[in-house]
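*Asks:*
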Amino acid sequence: MFLKIAIGSDHHGVAIRVKIADMLRRDGCEVYEYGPSLENREVTDYPDVAAAVSEQVSRGIVDRGILICGTGIGMCITANKFAGVRSAPIIDELQAELSRRHNNLNVLCLSGEMLSEDMIFRIIDIWLKTPFDGGRHEKRIEKIGRIEHDLGIAE
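Numbering (the numbering used here), first residue to last: 126 to 280.
This is the structure we're talking about:
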């Protein structure tokens with residue numbers, strides 16, 4: 126599976142972000158990383174990282190984004206400010222699947238503090254492999270796009 130993926134974390138998710146990026150590269154993805162390094166885990170404001178990743182998704186430079194902070198919530202709030210980004214904090218396999226099938230989620234937000242490493246990898250695997258169902262769900266995604274347009278978020 127070849128995807129371009131931007132992945133970012135604040136200081137809460139550095140270690141798992143590095144492991145995820147390595148896994149994605151082994152799986153053949155092109156990966157762009159944002160956030161502090163393992164060697165220098167300085168406090169990083171999640172809105173800055175979320176904006177960098179979400180802008181890449183919004184502009185179509187990457188196919189999808191993954192964001193990790195303490196809860197996943199702050200990253201999600203920021204990510205959803207960008208046109209065309211559909212983001213949610215996901216906590217289990219069912220949400221990962223349905224977020225793709227029904228919502229065509231393109232930015233996955235994860236908790237670096239509350240999810241086990243094993244759960245994070247299972248969520249990502251399902252999220253990457255699950256297709257968008259389209260059909261009746263496509264109409265809803267189009268409505269979101271029209272709302273963004275009407276609010277001046279999208280062109």
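Heads up, the beta-carbon is just placed ideally off N, CA and C, and yes, glycines get one too. Remember, it's a predicted structure, so these values are computed and weren't measured experimentally.
1) Look at the alpha carbon of Val-232 and the alpha carbon of Trp-252, and state the distance between them as a whole number of angstroms.
2) DSSP three-state label for Ser-236, please.
3) When you compare only the Cα positions, how much space is there between Ala-175 and Gln-181?
4) Measuring CA to CA, which of Cys-234, Glu-155 and Lys-254 is closest to Gly-195?
5) Should Phe-207 go down as buried or exposed, given a rule of 16 or more other Cβ atoms within 10 Å for buried?
6) Which of the three DSSP states, helix, strand or coil, is assigned to Val-156?
7) Since Pro-172 is in the alpha helix (DSSP H), which residue starts that stretch and which ends it?
8) Measuring straight from C-alpha to C-alpha, what distance separates Ala-204 and Ala-131?
9) According to DSSP, is Ala-146 part of a helix, a strand, or is it coil?
10) Report yes if the C-beta distance between Gly-133 and Tyr-159 is below 8 Å; otherwise report no.
11) According to the Cβ coordinates, are Asp-217 and Thr-169 closer than 8 Å?
12) Look at the alpha carbon of Leu-240 and the alpha carbon of Ile-202, and state the distance between them as a whole number of angstroms.
13) How would you call Pro-256, buried or exposed, if buried means at least 16 neighbouring beta carbons within 10 angstroms?
14) Run the CB neighbour count on Gly-260, radius 10 Å, all protein chains shown included, and call it buried at 16 or more, exposed below.
*Replies:* On the basis of the data shown:
1) When rounded, the distance between both Cα atoms is 10 Å.
2) When DSSP states are grouped into helix, strand and coil, Ser-236 belongs to the strand group.
3) Approximately 10 Å, taken between the alpha carbons.
4) Answer by Cα proximity: Cys-234.
5) Answer is buried; the Cβ neighbour count reaches 16.
6) Secondary structure at Val-156: strand, using DSSP grouped into helix, strand and coil.
7) Its alpha helix (DSSP H) spans residues 171 to 183.
8) Near 12 Å, if we compare the C-alpha coordinates of Ala-131 and Ala-204.
9) The DSSP-derived three-state label of Ala-146 is helix.
10) For Gly-133 and Tyr-159, yes; Cβs fall inside 8 Å.
11) Against a cut-off of 8 Å, the Cβ pair of Thr-169 and Asp-217 comes out as no contact.
12) Cα to Cα, Leu-240 sits roughly 19 Å from Ile-202.
13) With fewer than 16 other Cβ atoms within 10 Å, it is exposed.
14) Gly-260 comes out exposed.
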